[in-house]
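First the structure, in the form of structure tokens, and then the observations on it.
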Amino acid sequence: MKRARGLLSLAASLLRLGVAVVDVLLSVSVGARVRAGLWRAAFRYQLWRHGVPGDARRELSRIYDEYLDRVMEDLLGGVKGLFGAAGRAR
0 MKRARGLLSL
10 AASLLRLGVA
20 VVDVLLSVSV
30 GARVRAGLWR
40 AAFRYQLWRH
50 GVPGDARREL
60 SRIYDEYLDR
70 VMEDLLGGVK
80 GLFGAAGRAR
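For the sequence shown, numbering that gives the first Met the number 0 begins at 0 and goes up steadily by one.
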């Protein structure tokens, strides 16, 4: 009976650890998306503040958006890679 409680306690601890790891990884990906949105807004504001004309501002914003999209894909691909590596380790 004592051993069963110990195993149950160990399983509960491992489950809590797994939930914590998933929580951190999800917060990284969600936080990265929020930060990317803030970076986009800040970039557009700086272009406007420095008087960049409308057409040039739209083109520079489009280029910056494409760059951030690629960065986000790489970041989220890395997070997904961590999940895959954890699954393969089992």
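C-beta: ideal position from N, C-alpha, C; glycine also.
Using a Cβ-Cβ cut-off of 6 Å (strictly less than) and excluding sequence neighbours within five positions of A55, which residues of its own chain qualify?
Here residue 55 refers to the residue found at position 56 when the sequence shown is read from its first residue. Here the set comprises nothing.
Kindly indicate which residue of L75, G36, D73 and E72 has the alpha-carbon position closest to the one of S60.
Along the sequence shown, read from residue 1 onward, the residue named residue 60 stands at position 61. With distances taken between Cα atoms, S60 lies closest to G36.
Which value, in whole angstroms, describes the spacing of the CA atoms of P52 and F42?
Stepping through the sequence shown from its first residue, residue 52 is reached at position 53. Stepping through the sequence shown from its first residue, residue 42 is reached at position 43. Rounded to whole angstroms, P52 to F42 spans 14 Å at the Cα level.
Please report the straight-line C-alpha distance between R48 and D64, rounded to a whole angstrom.
Position 49 of the sequence shown, counted from the start, is the residue given in the question as residue 48. Position 65 of the sequence shown, counted from the start, is the residue given in the question as residue 64. When rounded, the distance between both Cα atoms is 18 Å.
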